[in-house]
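*Asks:* According to the numbering used here, the stretch in the sequence shown is residues 28 to 154, in order.
Just so you know, even glycine gets a beta-carbon here, dropped at the ideal spot from N, CA and C.
Remember, it's a predicted structure, so these values are computed and weren't measured experimentally.
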Amino acid sequence: MLKDLNATTAMKVSGGLIVTLGLALSVVMWRADTISGQRDAYRDRLSGEEARHSVTRQSVQHLEASLAKQIGAGKAARVAQLAAIEAQAEKSAKLRAEAAEIRAMIEEMEPGDPCDCSTPDFVMEDP
């Protein structure tokens, strides 16, 4: 009789243990499924972020190229402007030298000297 009592108790304990392990396995499976769903959502979110970052990087590269092109054009315009300024400075220096020659000629003249009133050729030239 003691054997029968131990056998039924052992069966009850075994049954309870099996039910408990089954419940634990169900909880673990449910939790793993939940974690897997979250992982998939995070992966999709990461893919979207990577795509947006790619578009941003392309925009930045396009902007940098456009800016470099504009800077190059600005530098070329500045070089042309400086060349024109230098050419004008040379022309101004020549005109100042000619004006100084004319002043020197006028200062050398004595009052009452006959004046050579012909207009110099460089004055008559079109600029």
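For W57 and S86, I'd like the C-alpha separation in whole angstroms.
*Replies:* Going from the Cα of W57 to the Cα of S86 covers about 44 angstroms.
*Asks:* Using the rule of at least 16 other Cβ atoms within 10 Å of the residue's Cβ for burial, across every protein chain shown, is L29 buried or exposed?
*Replies:* At L29, the pLDDT of 49 sits below 50, so the modelled position is not reliable and the matter cannot be decided from this model.
*Asks:* According to DSSP, is M136 helix, strand or coil?
*Replies:* The answer is coil: DSSP assigns M136 none of H, G, I, E or B.
*Asks:* Leaving out five residues before and five after G49 in sequence, what residues of the same chain have Cβ atoms less than 7 angstroms from its Cβ?
*Replies:* Answer for G49: no residue qualifies.
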